[in-house]
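Residues -26 to -1, 1 to 538 in mature numbering (1 follows the signal peptide of the UniProt record, and there is no 0) are what the sequence shown lists, from first letter to last. Backbone N, C-alpha and C define an ideal beta-carbon position, used for all residues, glycine too. Structure record follows, encoded as structure tokens.
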Amino acid sequence: MNRMKTAISILVFVSMIFGNCTPVNDNDPLSDSLFYYFLLQAVANAKEENCVFAPGGNGDALYNDQWHLQNIGQSGGTVGEDANVNPIWNQGISGNQVIVSVVDDGLDIRHEDLSSNISVTARGLNLLNSTIYPTHTYLKSFHGTAVGGVIAARGGNGIGVRGAAPCSKLVGVNILEKSTIYTSDEYRAMVNESARVSISNNSWGSPDGYGWLWPSSSLWQQGVTEGIQKGKSGKGTVYVWAAGNGANGGSISSPVLVDNANYDGQANYYGVMAIGGIGQDGKKANYSESGANLWTVAHTQGNNATAYTTAISTTDASGVNGLNAGGTSGDYSFGNYTRKFNGTSSATPLAAGVIALLASYYPNLTWRDIRELVAYSARQNDPTDTDWSINAAGLNINHKYGFGAVNADNLIQRVGTWSPITTPQIIDTKATLSPNTPIPDNDVVTGATVNYIVSSSISYIEYVDVEFTSYHTFFPELYILITSPSGTTSFLTEPHACLNPYSNSLCSSGNTSIATMTGSPTYRFGLARTLGENPNGTWIIRVYDASAADTGSINSIRLRIYGR
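If you want it as structure tokens, here you go:
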């Protein structure tokens, strides 16, 4: 229910999740064979249907529990604190002809509330058994089906729940049931049917709760880059990525700060939008990771972790499989649904569903248009939070919330006055600066400062990579801030606890970067908060050491600027 995990390169944590699962008993292989035969024929010959959804018509039985779609104060929630999709549905916008890829632990394509919204033009991919059928293999797998329901459970069919884009179509990619996930699997998952896929939902990533820096593989990066460049008939696939659930420590006693979304080399890659989680009151879920790379937030279970009425109601693997065996404590009596989905895992598909509404109404938008529209239309949630500021382009920014909460009505209204981005994206990789500046030990006042001067043809920032190298003997002590020429200050790391993934004991020394373990002391951080600013001028990098004994220096810095 939390963001599903896989380690990259060295550690594989998925086996920990699925290690006690047993295969599903196939009681009717002939029935399955016929089903898949006809499905294969459908994929070869059919076109996506034009779904008709009337929100005021035949209701969905559990819709009233879906406060994230319409919050009327159920279970103590704040009225109106939701994704604001109803005004868009009422305009007849419901996600038609938009295909969303669910990259996860499988997708129950025969589920009663999903089957009519399974794409018949895009083929699924099961990396566990090398077939086109993504359905779960294990009895306890459910995550991808829950994700799929948040996006595209069929609306108005009189049963179950409703997705944010109840007429959009799903294609499943089963990667997380593999005990060992190779970088080639990550690549295939990112590019599967990308020519047809408008949005790729990824409610998974590197392990949470460890406080380590986890770089992404070059093959995974290549897959995302190919998707944004060539996906959706050249308009680019939009990749949404769960920001992570490790903010309050996980295995380390809460409330010790541990993870930041910028420690995840997938969530901080320029080609994805990192999605955080907020609860019924619009405030950050305590587990949701902050970060300068965070793009937006969406609703999920917040800080009332004992009341499942504040979690997300969605589809579950059919029958007794999945999370809800039918009447599982605190859950629905009917096992095809659950009210216990949570984490940034469920926030991310809500954002994906809202984006699907936009993509169906304005199908010619590129991936760059869509991500900027999400930023410019985001609602300032939790307005009294002290971290809110405004960048030089006039955007609200917050390390906890990115540009704010995704809002369907704002999004569709904003696109009405939007000028499509026609200028090709420039990627300007600047020269490496090697100051070798010592970082004063146990000093959070003076620190070390480096000025990095940028001269670029770019005048409008879309994203910034900050490559940072330090041989500091205990990286979690460091507090790294960067200030843009326009004066926007962002933190890239904070002093934090860390957990050794091998021994499950608290770290006491070491770089705590998997990159370092594989031979590179350089780590890349992502910076979304300077969107729309001019990069030219002096960037200021400040580094502080929060504890005694361990020492080091700023060895090198390099900026890579994406923009126009």
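* **Pairwise C-alpha distance: S482 and P398** => Position 424 of the sequence shown holds residue 398. Position 508 of the sequence shown holds residue 482. So the alpha carbons of these two residues sit roughly 46 Å apart.
* **Whole alpha helix (DSSP H) elements within the segment 381 to 469, 4-residue minimum** => Listed in chain order, the alpha helix (DSSP H) runs fully inside the segment 381 to 469 are 382 to 389, counting runs of at least 4 residues.
* **Cut-off 6 Å between Cβ atoms - residues of its own chain near A366, not counting five sequence neighbours on either side** => Mapped onto the sequence shown, residue 366 falls at position 392. Around A366: S460, E507.
* Terminal residues of the continuous beta strand (DSSP E) containing I514? -> Taking the sequence shown and counting its residues from 1, one reaches residue 514 at position 540. I514 -> beta strand (DSSP E) spans 511 to 519.
* G301, DSSP secondary structure in three states -> The count along the sequence shown starts at 1 and reaches residue 301 at position 327. In the structure shown, G301 falls within a coil segment according to DSSP collapsed to helix, strand and coil.
* Rank V59, I454, W41, N510 by C-alpha distance to the C-alpha of V53 and give the top, closest one. => As a position in the sequence shown, residue 53 is number 79, starting the count at 1. Nearest option by C-alpha distance: W41.
* If you compare alpha carbons, which of G218, G253, G123, W63 is closest to Q48? -> Within the sequence shown, numbered from 1, the residue matching residue 48 stands at position 74. Put simply, of G218, G253, G123, W63 the residue whose alpha carbon is nearest the alpha carbon of Q48 is G253.
* Within this structure, are the beta carbons of H273 and L324 separated by less than 8 Å? -> The sequence position of residue 273 within the sequence shown is 299, counting from 1. The sequence position of residue 324 within the sequence shown is 350, counting from 1. Contact flag set, yes.
* **Beta-bridge partners of I286, as assigned by DSSP** => Your numbering for residue 286 matches position 312 in the sequence shown. When beta bridges are read from the DSSP output, I286 appears opposite F315.
* To do: Mind checking who F499 pairs with in its DSSP beta bridge?
  => Sequence index remark: in the sequence shown, residue 499 carries index 525 (1-based). Per DSSP, V440.
* Around the C-beta of V121, are 16 or more other C-beta atoms found within 10 angstroms, so that it is buried, or is it exposed? -> Here residue 121 refers to the residue found at position 147 when the sequence shown is read from its first residue. With a threshold of 16 other beta carbon atoms within 10 Å, V121 meets it and is buried.
* To do: Please list the segments of the alpha helix (DSSP H) lying wholly inside the segment 52 to 128, counting only runs of 4 or more residues, in order along the chain.
  => Those alpha helix (DSSP H) runs which fall completely within the segment 52 to 128 and span 4+ residues are 60 to 63, 117 to 126.
* To do: Count the CB pairs spanning the segment 151 to 162 and the segment 191 to 206 that are closer than 8 Å, and state whether there are at least three.
  => At 8 Å Cβ cutoff, the stretches touch.
* To do: Could you tell me which of A241, G421, N234, N236 sits nearest to W215, measuring between CA atoms?
  => Walking along the sequence shown from the start, residue 215 turns up at place 241. For W215, the nearest C-alpha among the options comes from A241.
* Asked: When the Cα atoms are used, what is the spatial distance from W186 to T391?
  -> Along the sequence shown, one-based indexing puts residue 186 at 212. Along the sequence shown, one-based indexing puts residue 391 at 417. Near 42 Å, if we compare the C-alpha coordinates of T391 and W186.
* To do: Output the boundary residues of the beta strand (DSSP E) element that contains L268.
  => For this step, residue 268 is matched to residue 294 along the sequence shown. In the DSSP assignment, L268 falls within the unbroken beta strand (DSSP E) covering 268 to 273.
* **Expected contact under 8 Å - CB spacing of N219 and R(-24) to nearest Å** => The count along the sequence shown starts at 1 and reaches residue 219 at position 245. The count along the sequence shown starts at 1 and reaches residue -24 at position 3. About 5 Å separates the Cβ atoms of N219 and R(-24), confirming a contact at the 8 Å cut-off.
* residue 549 classed as buried or exposed, judged by whether at least 16 other C-beta atoms fall within 10 angstroms -> As shown, the chain starts at -26 and ends at 538. That puts residue 549 outside it, with no answer to give.
* Distance between A349 and Y518 (C-alpha atoms, nearest Å) -> Position 544 of the sequence shown, counted from the start, is the residue given in the question as residue 518. Position 375 of the sequence shown, counted from the start, is the residue given in the question as residue 349. Y518 and A349: Cα-Cα distance of roughly 30 Å.
* Asked: Whole-angstrom Cβ separation of A330 and V74, contact assumed at under 8 Å?
  -> Taking the first residue of the sequence shown as position 1, residue 330 is located at position 356. Taking the first residue of the sequence shown as position 1, residue 74 is located at position 100. Right, the Cβ-Cβ distance comes to about 6 Å (below 8 Å), so this counts as a contact.
* **Cβ-Cβ distance between V246 and I344 below 8 Å** => As a first step, residue 246 must be located in the sequence shown, where it is residue number 272. As a first step, residue 344 must be located in the sequence shown, where it is residue number 370. Taking the C-beta atoms as reference points, I344 is found no nearer than 8 Å to V246.
* Pairwise C-alpha distance: I432 and G511 -> Taking the first residue of the sequence shown as position 1, residue 511 is located at position 537. Taking the first residue of the sequence shown as position 1, residue 432 is located at position 458. Each residue's CA atom was taken as its position, placing G511 and I432 some 12 Å apart.
* Asked: In this structure, does DSSP put G296 in helix, strand or coil?
  -> In the sequence shown, residue 296 corresponds to position 322, counting from 1. Coil, per DSSP.
* Rounded to a whole number of angstroms, what is the C-alpha to C-alpha distance between P412 and S530? -> Taking the first residue of the sequence shown as 1, we reach residue 412 at position 438. Taking the first residue of the sequence shown as 1, we reach residue 530 at position 556. When rounded, the distance between both Cα atoms is 11 Å.
* Asked: Along the chain, where does the alpha helix (DSSP H) that runs through R342 open and close?
  -> The residue labelled residue 342 in the question sits at position 368 within the sequence shown. DSSP places R342 inside the alpha helix (DSSP H), whose first and last residues are 341 to 351.
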